[in-house]
Amino acid sequence: GGLALGCDLVLLGLGVEPATGFLAGSGIVVDDGVLVDERCRTNVEGVFAAGDVARHRHPLFGPVRVEHWQNARAQGRAAALSMLGRGQPYADVHWFWSEQYDHRLEYAGWHVGWDELVVRGSLEERRFVVFYLAEGRVRAVAALDRGNEVRAAMALIAAGGRADPASLRDEDVDLARLAPAG
Numbered sequence: 010g011g012l013a014l015g016c017d018l019v020l021l022g023l024g025v026e027p028a029t030g031f032l033a034g035s036g037i038v039v040d041d042g043v044l045v046d047e048r049c050r051t052n053v054e055g056v057f058a059a060g061d062v063a064r065h066r067h068p069l070f071g072p073v074r075v076e077h078w079q080n081a082r083a084q085g086r087a088a089a090l091s092m093l094g095r096g097q098p099y100a101d102v103h104w105f106w107s108e109q110y111d112h113r114l115e116y117a118g119w120h121v122g123w124d125e126l127v128v129r130g131s132l133e134e135r136r137f138v139v140f141y142l143a144e145g146r147v148r149a150v151a152a153l154d155r156g157n158e159v160r161a162a163m164a165l166i167a168a169g170g171r172a173d174p175a176s177l178r179d180e181d182v183d184l185a186r187l188a189p190a191g
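Going by this note's numbering, the sequence shown opens with residue 10, and the numbers climb by one from there.
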């Protein structure tokens with residue numbers, strides 16, 4: 010529109026709105042994306058959806074729509090297996106990352122709300138993992154430059170996420186040992 014704003018820094022946050030208008034009148038249920046079950050099936054027999062457009066029923070997090078290429082790839086595979094009659098519930102712990110100059114930001118899980126935040130490492134030194142707990146369960150982690158711990162925490166989240174906050178905070182505790190053996 011030609012509007013000019015004087016500033017020193019511009020920060021842009023951009024999201025995705027799924028294109029579902031073409032489904033009008035099809036009978037397929039749409040609510041912030043195409044609703045699918047844990048096997049990527051819509052409410053219409055023989056119709057599946059995956060990726061940014063699919064709002065799937067996750068066994069840990071409930072209905073979620075994930076806008077990340079890694080989810081689209083994994084969920085697409087899950088949908089294909091379901092189409093072939095070999096499907097399993099799609100229960101991947103969602104994982105995202107971004108390279109920012111010399112740093113790597115990572116996030117795993119899904120949190121909408123939490124009642125406790127636990128920090129491992131140092132926010133001041135910019136090397137940390139933050140655990141989002143809800144009702145005593147780790148639901149998500151966000152980290153800066155501590156990717157190995159994010160991957161270890163993913164197993165904990167997938168196993169139901171029960172962990173003592175003191176153990177999460179303690180850098181001498183191996184996070185991989187907190188998840189029950191599968």
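Ideal placement from N, C-alpha and C gives every residue a C-beta, glycine not left out.
Within 8 angstroms, strictly: CB atoms of residue i and residue j
i      : j      : result
GLY118 : ILE166 : yes
ALA58  : VAL43  : yes
GLU158 : LEU126 : no
ARG136 : LEU153 : yes
SER91  : ARG50  : yes
ALA81  : GLY60  : yes
VAL1   : GLY36  : Residue 1 lies beyond the stretch modelled for the chain, which goes from 10 to 191, so this question has no answer here.
ALA168 : PRO189 : yes
Proximal residues to residue i (C-beta, below 8 angstroms), its chain only, five neighbours per side dropped
i     : result
GLU47 : HIS65, ARG66, HIS67, PRO68, PRO98, TYR99, ALA100
LEU32 : VAL39, VAL43
Close-in-space but distant-in-sequence residues of the same chain around residue i (CB under 6 angstroms, 5 per side omitted)
i      : result
TYR141 : HIS120, TRP123, ARG148, ALA149
ALA151 : TYR116, VAL139
GLY71  : none
LEU5   : Any question about residue 5 goes unanswered here, given that the chain covers just 10 to 191.
HIS77  : PHE105
Neighbourhood of residue i by C-beta distance below 7 angstroms, restricted to the same chain and skipping five residues each side
i      : result
GLY15  : none
ARG155 : GLY130, ARG136, PHE137, VAL138
ARG113 : TRP106, ASP154, GLY156
Beta-ladder partner(s) of residue i, from DSSP
i      : result
GLY130 : PHE137
VAL121 : For VAL121, which the question treats as bridged, DSSP gives no partner whatsoever.
TYR116 : PHE105, ALA151
Contact with chain D by residue i, beta-carbon distance below 8 angstroms
i      : result
GLY130 : This model lacks chain D altogether, as it is built from one protein chain only.
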